[in-house]
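Using our numbering, you'd call the opening residue of the sequence shown number 1 and step up by one each time.
Backbone N, C-alpha and C fix where the C-beta goes; we use that ideal spot for every residue, glycine too.
Predicted model only: the values in this text are computed from it and were never measured.
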Amino acid sequence: MGAPIRQTTQNSPETPKDTKKENLLHKLRRLVSSMRSSMGTSTSKEVTPAKAEQQVPPVDEEEDEPDEWDKRIFSTGCADENAKMTDCYYETKDWRACKKEMERFRECWKAQGNDKRTSTKDA
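Have a look at this one:
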């Protein structure tokens, strides 16, 4: 008959199914983010629509446009550094293990003038 269905509560840990879904969503967002940034700055050959359809997994109509968060991150000029920093945390669940990625993001942030634009102060 199969394993009994486990009831989850707010305080219970995530089920393996939830974690797998979260991992897939994270990878999909990274792929889309990476493709958007490379398409805007790439000097290589143009991707034909047929090839683009083969490379990009289908997404909902709502996902065709970058959301507000993506727009804000891309406007900083540090989207790649942000993605690497976020990936590091996602994989390790410990910001202390991501000091190198955080420093690269901080350097990019300053180099792009975002600290002046947003009145960011070093702690």
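Could you tell me the distance, in whole angstroms, from the CA atom of residue i to the CA atom of residue j?
i      : j      : result
CYS108 : GLU22  : 28 Å
LYS99  : ASN114 : 20 Å
LYS93  : HIS26  : 14 Å
ALA111 : ASP64  : 30 Å
LYS116 : ASP122 : 11 Å
Using a beta-carbon distance below 8 Å, is residue i in contact with chain B?
i      : result
LYS121 : Included in the structure is just one protein chain, with no chain B present.
Nearest to residue i by CA position, among the options, is which residue?
i      : options                     : result
MET102 : THR76, MET85, ASP122        : MET85
PRO77  : ALA97, CYS88, TYR89, ARG106 : A quick correction: the sequence has Gly, not Pro, at residue 77. For the residues ALA97, CYS88, TYR89, ARG106, the minimum Cα distance to GLY77 belongs to ARG106.
LEU28  : ALA97, LYS116, ASP87        : ASP87
THR118 : ASP70, SER75, GLU68         : SER75
Under 8 Å by Cβ, that's how I've got residue i and residue j pegged, so tell me the actual separation to the nearest angstrom.
i      : j     : result
ARG104 : GLU81 : 5 Å
Self-check item: Any alpha helix (DSSP H) of 4 or more consecutive residues that is wholly inside the stretch 85-122
Solution: Segments of the alpha helix (DSSP H) lying fully in the stretch 85-122: 99-111, 114-117.
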